[in-house]
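Engineer: Chains as they are written, first to last, in numbering that gives the first Met the number 0: chain Z, 0 to 221; chain H, 0 to 258. Ideal placement from N, C-alpha and C gives every residue a C-beta, glycine not left out. Treat the numbers as computed from the prediction; the structure is a model and nothing was measured. Okay, handing you the structure first.
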Amino acid sequence: MNEDLLPLILAGLQDTVYMVALSALIAAFLGFPIAVLLIVSEKGGIMERPNLNRVLGAFVNLFRSFPTIILIVVLLPLSRWIVGTTLGATAAVVPLSIGSAPFLARIIENSLKEVERGKIEAARAMGASPQTIVFKVMFPEALPALVRGITLAIITITGFTAVAGAVGAGGLGSLAIRFGYMRYRNDVMFATVALLVVLVQLVQWCGDRAARKINSKRYRFD
Amino acid sequence: MITVKHLYKTYVTAHTRVEALQDVNLSVEKGDIFGIIGFSGAGKSTLIRCFNRLEEPDSGSVFIGEHEITALGKRELRNAQRKMGMIFQQFNLFDSRTVFGNVSFPLEVAGVSRKAIAHRVPEILELVGLSDKINFYPAQLSGGQMQRVGIARALANEPDILLSDEATSALDPQTTASILDLLRDLNRQLHLTIILITHELDVLRYICNNMAVLENGRIVEQGSVEKFFLNPESNTARLFIKITESFQVNRMWKEGEGI
Numbered sequence: 000m001n002e003d004l005l006p007l008i009l010a011g012l013q014d015t016v017y018m019v020a021l022s023a024l025i026a027a028f029l030g031f032p033i034a035v036l037l038i039v040s041e042k043g044g045i046m047e048r049p050n051l052n053r054v055l056g057a058f059v060n061l062f063r064s065f066p067t068i069i070l071i072v073v074l075l076p077l078s079r080w081i082v083g084t085t086l087g088a089t090a091a092v093v094p095l096s097i098g099s100a101p102f103l104a105r106i107i108e109n110s111l112k113e114v115e116r117g118k119i120e121a122a123r124a125m126g127a128s129p130q131t132i133v134f135k136v137m138f139p140e141a142l143p144a145l146v147r148g149i150t151l152a153i154i155t156i157t158g159f160t161a162v163a164g165a166v167g168a169g170g171l172g173s174l175a176i177r178f179g180y181m182r183y184r185n186d187v188m189f190a191t192v193a194l195l196v197v198l199v200q201l202v203q204w205c206g207d208r209a210a211r212k213i214n215s216k217r218y219r220f221d
Numbered sequence: 000m001i002t003v004k005h006l007y008k009t010y011v012t013a014h015t016r017v018e019a020l021q022d023v024n025l026s027v028e029k030g031d032i033f034g035i036i037g038f039s040g041a042g043k044s045t046l047i048r049c050f051n052r053l054e055e056p057d058s059g060s061v062f063i064g065e066h067e068i069t070a071l072g073k074r075e076l077r078n079a080q081r082k083m084g085m086i087f088q089q090f091n092l093f094d095s096r097t098v099f100g101n102v103s104f105p106l107e108v109a110g111v112s113r114k115a116i117a118h119r120v121p122e123i124l125e126l127v128g129l130s131d132k133i134n135f136y137p138a139q140l141s142g143g144q145m146q147r148v149g150i151a152r153a154l155a156n157e158p159d160i161l162l163s164d165e166a167t168s169a170l171d172p173q174t175t176a177s178i179l180d181l182l183r184d185l186n187r188q189l190h191l192t193i194i195l196i197t198h199e200l201d202v203l204r205y206i207c208n209n210m211a212v213l214e215n216g217r218i219v220e221q222g223s224v225e226k227f228f229l230n231p232e233s234n235t236a237r238l239f240i241k242i243t244e245s246f247q248v249n250r251m252w253k254e255g256e257g258i
């Protein structure tokens, strides 16, 4: 084991956490409005607009059909334009967040779709406006599913950051490729993989705990 | 007080055309408990949903008092809906909200102040006999209690009309009776007009004063509940009564009370 291992790994971990957190945040920020638009505009939705729904859906699918690494490479010029460089963690956040936004939008849309139609009908019968239905009925009712979905998305984005490491993003994925793979440093490879495993487990554990907490409050029998 | 004129509604899908309502005409007196009975698929749910426009009729009109519900714009419709309560077979309570939160929802929607809500909710829960469950979540309640919350929620805004969409069909007979008793009390205390749809003859017999029979989207019989039992004119009415009687005959034989 080399003495350079620890600082190397720590810097990588820091970059990864930074990229995942910021990308997930921006992706959620972009994904929520898309999801809401998809759900209200669908056939039978509270503001039915079938044409808008089709166009938006096709757009989301288009982004989702790119292989991750290609999407990142395609979006790198945007990083140069926004951040000024295509290298490093901050530059990677641009393609990562834009690339994961459509994925997050679908996950959020699916969670909202699980809200029983009867509840929405009841809210409509009480004279609730579409905004009220979205924010005071759909989101609260779908909260446990949303928490689980966003957990899933964060873990997927962690995977994306490792892929982005192949094209200059920094972080643990980049370490594994540059040191572990290209320089045959097995200790680096092992340490990065182990850290990624721990990171994913941690995120999943937090997500499960949060969702369970909400559910146990709502569905407690005593 | 409530008048329905020449109501039509057709559902068109890729393969079929279902004429859910065909030239439906109805009138319901203020303070009445009015039952609409029919078999599955007769158009009952569609009809009751046209009263508060959860379904948009293709043509025809619905009047409540002076107001033509079918002529209202979106915003006016929402205001009108706040004065019509509705209860459902599956209760449709919000699982994310406590009993208090469920009953306060229509008040929040109507822009009632927090203070007034805190005052009004316990009052209405008292009326339906659920004061002790105010901080419970719906999943912690029995079916009958859930429907009481549904009724409290529907009445929170002091509506003139209560629409009941098979509200007792998911409940056992005893609970059904207690919910129907509650509805009758509310009808008397609050002078609430109740329109209920049902496929249970017992519900009709138990609390309704007047009724209409719906058959394939048409009203085939209308009048007092007494007339329905004494002189059924439509096929649906006769069939309903025949089914009930044949059950009774079987029961008589079984229990050795016959002949």
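Along the chain, which unbroken stretches of the alpha helix (DSSP H) at least 4 residues long are found entirely within the region 222 to 251 of chain H?
Structural biologist: 224 to 229, all fully within the region 222 to 251 of chain H.
Engineer: So, does the CB of Z:K118 fall closer than 9 Å to a CB anywhere in chain H?
Structural biologist: Locating residue 118 of chain Z in the first sequence gives position 119, where the first residue counts as 1. Yes - at least one Cβ of chain H is within 9 Å of the one on Z:K118.
Engineer: Quick one, which residues of the region 117 to 140 of chain H are near chain Z if we go by CB-CB under 7 Å, in chain order?
Structural biologist: Flagged, chain order: Y136, A138 and Q139.
Engineer: Beta carbons nearer than 8 Å to chain H: which residues of the region 110 to 139 of chain Z have them?
Structural biologist: E115, G117, K118, E120, A121, A122, R123, A124, M125, G126, A127, S128, T131, K135, V136 and P139
Engineer: Shortest alpha-carbon distance to H:N156 belongs to which of H:E122, H:V212 and H:Q139?
Structural biologist: Numbered from 1 along the second sequence, position 157 holds the residue referred to as residue 156 of chain H. When each option's Cα is compared against that of H:N156, the closest is H:E122.
Engineer: For the candidate residues H:R74, H:S163, H:V111 and H:L182, whose alpha-carbon lies nearest to that of H:L126?
Structural biologist: As a working note, residue 126 of chain H is residue 127 in the second sequence. Answer by Cα proximity: H:L182.
Engineer: Enumerate in chain order the residues of its own chain whose CB-to-CB distance from H:F2 is below 6 Å, with the five nearest sequence positions on each side excluded.
Structural biologist: In the second sequence, residue 2 of chain H corresponds to position 3, counting from 1. Looking at the sequence provided, one finds Thr at residue 2 of chain H rather than Phe. Within the same chain, H:T2 has close Cβ partners S26 and F62.
Engineer: Would you mind reading off the limits of the beta strand (DSSP E) that contains Z:S96?
Structural biologist: As a working mapping, residue 96 of chain Z is identified with position 97 in the first sequence. Where Z:S96 is concerned, there is no enclosing beta strand (DSSP E), although the alpha helix (DSSP H) it sits in stretches over A88 to K112.
Engineer: Quick one, are the C-beta atoms of H:F87 and Z:A121 less than 9 Å apart?
Structural biologist: On the second sequence, residue 87 of chain H is found 88 positions in, with the first residue counted as 1. On the first sequence, residue 121 of chain Z is found 122 positions in, with the first residue counted as 1. Result yes, Cβ atoms of H:F87 and Z:A121 sit closer than 9 Å.
Engineer: Do you know offhand how far Z:I68's Cα is from Z:P129's?
Structural biologist: The count along the first sequence starts at 1 and reaches residue 68 of chain Z at position 69. The count along the first sequence starts at 1 and reaches residue 129 of chain Z at position 130. In a straight line, the C-alpha of Z:I68 is about 38 Å away from that of Z:P129.
Engineer: If we count the other Cβ atoms within 10 Å of its Cβ and call it buried at 16 or more, is Z:A193 buried or exposed?
Structural biologist: Position 194 of the first sequence, counted from the first residue, corresponds to residue 193 of chain Z. Result: exposed.
Engineer: Taking the C-alpha atoms as reference points, what is the distance between H:E90 and H:V102?
Structural biologist: The residue labelled residue 90 of chain H in the question sits at position 91 within the second sequence. The residue labelled residue 102 of chain H in the question sits at position 103 within the second sequence. It is Phe, not Glu, that sits at residue 90 of chain H in the sequence shown. Distance between the alpha carbons of H:F90 and H:V102 is about 13 Å.
Engineer: Using the Cα positions of H:L20 and H:T45, report the straight-line distance between them to the nearest angstrom.
Structural biologist: As a working note, residue 20 of chain H is residue 21 in the second sequence. As a working note, residue 45 of chain H is residue 46 in the second sequence. Straight-line Cα distance between these residues: approximately 8 Å.
Engineer: Whole angstroms are fine: how far does the CA of H:G149 sit from the CA of H:I160?
Structural biologist: Along the second sequence, one-based indexing puts residue 160 of chain H at 161. Along the second sequence, one-based indexing puts residue 149 of chain H at 150. Going by the C-alpha atoms only, they are around 14 Å apart.
Engineer: Do Z:I156 and Z:V19 have their C-beta atoms closer together than 9 Å?
Structural biologist: Within the first sequence, numbered from 1, the residue matching residue 156 of chain Z stands at position 157. Within the first sequence, numbered from 1, the residue matching residue 19 of chain Z stands at position 20. Contact flag set, yes.
Engineer: Which one of H:G30, H:K29, H:A138 and H:C49 has the shortest CA to CA distance from H:L6?
Structural biologist: Residue mapping note: residue 6 of chain H aligns to position 7 of the second sequence, counting from 1. With distances taken between Cα atoms, H:L6 lies closest to H:C49.
Engineer: Is H:V212 near H:E220, with beta carbons less than 9 Å apart?
Structural biologist: Translated into the one-based positions of the second sequence, residue 212 of chain H becomes position 213. Translated into the one-based positions of the second sequence, residue 220 of chain H becomes position 221. When the beta-carbon positions are compared, H:V212 and H:E220 come within less than 9 Å of each other.
Engineer: What did DSSP end up calling Z:V162 once you bin it into helix, strand or coil?
Structural biologist: Position 163 of the first sequence, counting from 1, holds the residue named residue 162 of chain Z. DSSP places Z:V162 in helix when its eight states are reduced to three.
Engineer: Should the region 166 to 175 of chain H be regarded as contacting the region 92 to 100 of chain H, the criterion being three or more beta carbon pairs within less than 8 Å?
Structural biologist: The count of Cβ pairs closer than 8 Å, one atom from the region 166 to 175 of chain H and one from the region 92 to 100 of chain H, stays below three, leaving the stretches out of contact.
Engineer: Hey, which unbroken runs of the beta strand (DSSP E) at 3 residues or more fall wholly within the region 51 to 95 of chain H?
Structural biologist: 58 to 63 and 83 to 87
Engineer: What is the rounded straight-line gap between the Cα of Z:A104 and the Cα of Z:A27?
Structural biologist: The residue you call residue 104 of chain Z lines up with position 105 of the first sequence. The residue you call residue 27 of chain Z lines up with position 28 of the first sequence. Using only the alpha carbons, I get a separation of about 8 Å.
Engineer: If we count the other Cβ atoms within 10 Å of its Cβ and call it buried at 16 or more, is Z:T150 buried or exposed?
Structural biologist: Position 151 of the first sequence holds residue 150 of chain Z. Counting the other Cβ atoms within 10 Å of the Cβ of Z:T150 gives 16 or more, which makes it buried.
Engineer: For H:V23, write down the residues that DSSP places opposite it in a beta bridge.
Structural biologist: Position 24 of the second sequence, counting from 1, holds the residue named residue 23 of chain H. BP columns for H:V23 point to H:L6.
Engineer: If we count the other Cβ atoms within 10 Å of its Cβ and call it buried at 16 or more, is Z:N185 buried or exposed?
Structural biologist: Numbered from its first residue, the first sequence carries residue 185 of chain Z at position 186. So Z:N185 counts as exposed.
Engineer: Quick check: is the beta carbon of Z:L142 nearer than 9 Å to any beta carbon in chain H?
Structural biologist: Position 143 of the first sequence holds residue 142 of chain Z. Interface residue, yes.
Engineer: Measuring CA to CA, which of H:V248, H:H190 and H:T235 is closest to H:G40?
Structural biologist: Position 41 of the second sequence, counted from the first residue, corresponds to residue 40 of chain H. Minimum Cα distance to H:G40 is reached at H:T235.
Engineer: Under 8 Å by Cβ, that's how I've got Z:V136 and Z:I119 pegged, so tell me the actual separation to the nearest angstrom.
Structural biologist: For this step, residue 136 of chain Z is matched to residue 137 along the first sequence. For this step, residue 119 of chain Z is matched to residue 120 along the first sequence. Indeed, because the Cβ distance is near 6 Å, the residues count as touching under 8 Å.
Engineer: Considering just the uninterrupted stretch of the alpha helix (DSSP H) at H:I206, what are its terminal residues?
Structural biologist: Here residue 206 of chain H is taken as the residue at index 207 of the second sequence, counted from 1. Element bounds for H:I206: L200 to I206.
Engineer: Going along the chain, which residues of its own chain have a beta-carbon closer than 6 Å to the beta-carbon of Z:V93, five neighbours each way excluded?
Structural biologist: Locating residue 93 of chain Z in the first sequence gives position 94, counting from the first residue. Same-chain partners within the cutoff: L77, S78 and I81.
Engineer: Cβ of H:M145 less than 9 Å from any chain Z Cβ?
Structural biologist: The count along the second sequence starts at 1 and reaches residue 145 of chain H at position 146. Taking Cβ atoms only, chain Z never reaches closer than 9 Å to H:M145, which makes this a no.
Engineer: According to DSSP, is H:D184 helix, strand or coil?
Structural biologist: Numbered from its first residue, the second sequence carries residue 184 of chain H at position 185. Per DSSP, reduced to three states, the secondary structure at H:D184 is helical.
Engineer: Once the 5 residues before and after Z:A210 are set aside, which same chain residues still bring their CB inside 7 Å of it?
Structural biologist: To locate residue 210 of chain Z, count along the first sequence from 1; it is residue 211. Closer than 7 Å at Cβ, skipping near neighbours: P143, V146 and R147.
Engineer: Should Z:G98 go down as buried or exposed, given a rule of 16 or more other Cβ atoms within 10 Å for buried?
Structural biologist: As a position in the first sequence, residue 98 of chain Z is number 99, starting the count at 1. The residue is buried, with at least 16 neighbouring Cβ atoms inside 10 Å.
Engineer: Based on Cα-Cα distance, which residue from Z:V199, Z:P139 and Z:F159 lies nearest to Z:A91?
Structural biologist: By 1-based counting over the first sequence, the position of residue 91 of chain Z is 92. Z:F159 is the residue among Z:V199, Z:P139 and Z:F159 whose C-alpha sits nearest the C-alpha of Z:A91.
Engineer: Beta carbon of Z:V39, beta carbon of Z:R48: below 9 Å?
Structural biologist: One-based indexing of the first sequence puts residue 39 of chain Z at position 40. One-based indexing of the first sequence puts residue 48 of chain Z at position 49. Yes, the pair counts as a contact, with Cβ atoms nearer than the cut-off.
Engineer: Under 9 Å, do H:A151 and H:L189 count as touching if we go by C-beta distance?
Structural biologist: Against the second sequence, residue 151 of chain H aligns to sequence position 152. Against the second sequence, residue 189 of chain H aligns to sequence position 190. No; because the gap between Cβ atoms is not below 9 Å, this pair is not in contact.
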